[in-house]
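The opening residue of the sequence shown carries number 6 in this note's numbering; numbering runs sequentially from there.
Backbone N, C-alpha and C fix where the C-beta goes; we use that ideal spot for every residue, glycine too.
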Amino acid sequence: MDAMEHQPPSPEALLGRIEALGDRIRAAAPAIDRERHVPEELVDALRGAGLFRIMVPRAWGGWELDPPAIVELSATLARFDASTAWVGMIGATTHALAAFLPEEGMREIYEHGADFLMGGLATPPAGRAETVEDGYRITGRFPFGSASRHCGWFVARCRIEEEGVPPTADPRQDPNTILAFVPADEVTVHDTWHVVGLRGTGSHDYELADTFVPAHRTFRLLTATPVQPGPLYRISRVGLLPAYLGAICVGIGRAAIHAFAAYAAAKRVAGVPLAERPLARARLAEAEAIVASAHAYLLDVTRASWEKLTSGGELDERDRARQLLSATHAAQTCARAVELMYTSSGSAALSTASVLQRLLRDVHAAKQHALVGFGQYETAGGMLLRATA
């Protein structure tokens with residue numbers, strides 16, 4: 006792809022670019038898991054496909070791809086490798102947060118182009134911001150910095166420390182919370198990501214030590230409104246990140262079904278092909294229904310929200326509850342589908358050479374994310390009750 010390409014490709018064309026990388030990503034997946042990082046050449050291939058522009062404002066060289074298409078991209082990438090999908094989608098979708106910055110901040114970030122990964126923390130603050138002239142001095146160590154080895158810019162969620170102003174009981178509601186945007190060369194990444202699943206995401210701790218960040222590269226999380234026009238930035242502060250994480254679980258589920266089908270076609274049990282055994286067929290059918298239903302529900306809700314925004318409406322609490330619920334449902338139920346395929350493969354799935362054991366580890370790691378964890382069922386239920394009262 007020409008680095009100067011400004012005309013956004015169609016969603017179908019962009020999906021085709023990602024599909025064309027499928028065999029290459031799938032072949033690299035075992036090494037990604039073993040070596041705990043996505044190789045730079047694959048990141049460069051995703052960059053060349055234009056993935057990291059999908060949520061950058063068009064005025065700054067991006068494409069503002071519609072959310073249903075991004076859900077499809079997430080699920081497609083995850084069919085090939087979950088860690089690559091996680092790195093790619095975090096690196097791409099975090100750009101949406103920059104739309105809340107003033108023009109001076111946007112210029113500093115995008116003056117040299119938009120084909121880079123942006124990552125960082127959007128959970129309750131782990132950093133301290135001291136107010137100084139024209140900005141803040143920030144200190145903190147931030148966990149879960151997915152794609153940290155590849156990012157050009159980081160986002161750090163911090164609390165402004167003001168004398169006599171204690172933190173709120175719920176850090177998510179603290180009006181003194183800011184997001185600060187920092188170039189990678191001012192960030193220290195610590196090798197802390199030693200985990201069972203999604204091993205290749207590089208979700209290490211990253212640290213800022215008395216780092217000056219100008220005010221124009223920050224915004225107050227609770228009160229800021231998007232500076233960039235367009236419905237993509239009116240969805241929410243975290244955008245549709247839960248939907249994209251749920252879509253990754255859909256892709257993992259789809260990969261597990263394909264892996265089991267291939268295994269069942271080749272495996273014989275007591276002289277009978279596994280694919281002809283009733284239990285194997287029933288479990289495959291159940292997994293297919295789970296994954297297809299989760300995918301359809303996630304896409305339906307995402308499309309409905311997008312259509313409402315693009316027709317001039319605003320999302321209400323019921324809309325946001327459905328967004329959260331469909332993403333959580335996708336993550337939690339697709340893990341069940343992967344479990345069905347794993348257990349149906351018997352002892353063969355225990356081998357480190359088995360694709361299914363890696364998929365099982367990855368999907369359980371993905372569904373632990375706070376935005377799609379099991380506890381979000383309760384959150385979504387409360388929102389639905391308030392919306393229908």
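If you draw a straight line from the Cα of P35 to the Cα of V43, it is about 11 Å long. Contact check between the stretch 350–361 and the stretch 296–306: fewer than three CB pairs, one atom from each, fall below 8 Å, which does not count as touching.
By the neighbour-count criterion, in which 16 or more other beta carbons inside 10 Å mark a residue as buried, L184 falls on the buried side.
Membership of G66 in any beta strand (DSSP E) is not indicated, and neither H nor E is assigned to it by DSSP. Under a 10 Å Cβ-count criterion, E138 is classified as exposed, with fewer than 16 other Cβ atoms of the shown protein chains found around its own Cβ. Counting the other CB atoms within 10 Å of its CB gives E45 a total below 16, which places it among the exposed residues.
Secondary structure of W198 (DSSP, three-state): coil.
If one requires a minimum length of 3 residues, the beta strand (DSSP E) runs lying completely within the stretch 119–174 are 122–125, 132–137, 140–150 and 156–165, in chain order.
A check of alpha carbon separations from E281 across Y249, A270 and P14 identifies A270 as the nearest.
In the DSSP assignment, P234 falls outside any alpha helix (DSSP H) and carries neither an H nor an E. Distance from the CA atom of C163 to the CA atom of L227, rounded to whole angstroms, is 12 Å. Per DSSP, T223 is one residue of the beta strand (DSSP E) stretching across T223 to R225. In this model, L47 and I30 are separated by some 7 Å (Cα to Cα). Secondary structure note for D28: it is in no beta strand (DSSP E), and the uninterrupted alpha helix (DSSP H) holding it is G27 to E40. Linking L289 to T348 through their CA atoms gives a straight-line distance of about 11 Å. DSSP places E291 in the uninterrupted alpha helix (DSSP H) bounded by P283 to T315.
DSSP, read as helix, strand or coil, puts F379 in coil. Rounded to whole angstroms, the gap between the alpha carbons of E40 and V170 is 45 Å.
Separation of the CB atoms of P176 and P129 is rounded to 4 Å, and the pair is thereby assigned contact status at 8 Å.
Residue state for V76 is assigned as helix, using DSSP reduced to three classes. By the Cβ-count criterion, H117 is exposed, with fewer than 16 other Cβ atoms from all chains shown falling within 10 Å of its own Cβ. The three-state reading of DSSP puts H334 in helix, counting H, G and I together. When secondary structure is reduced to three states using DSSP, E212 falls in the strand class.
Contact between the stretch 260–268 and the stretch 94–106 is absent, with fewer than three C-beta pairs closer than 8 Å. Per DSSP, the continuous beta strand (DSSP E) segment holding A185 begins and ends at T182 to P188. Counting along the chain, I262 sits inside the alpha helix (DSSP H) bounded by residues L246 to A271. By DSSP's assignment, P278 forms a beta bridge with R273.
Non-local beta-carbon contacts of E293 in its own chain, meaning distances under 7 Å to residues more than five positions away in sequence, involve I262 in chain order.
In this model, A229 and F105 are separated by some 7 Å (Cα to Cα).
If you draw a straight line from the Cα of K272 to the Cα of P148, it is about 43 Å long.
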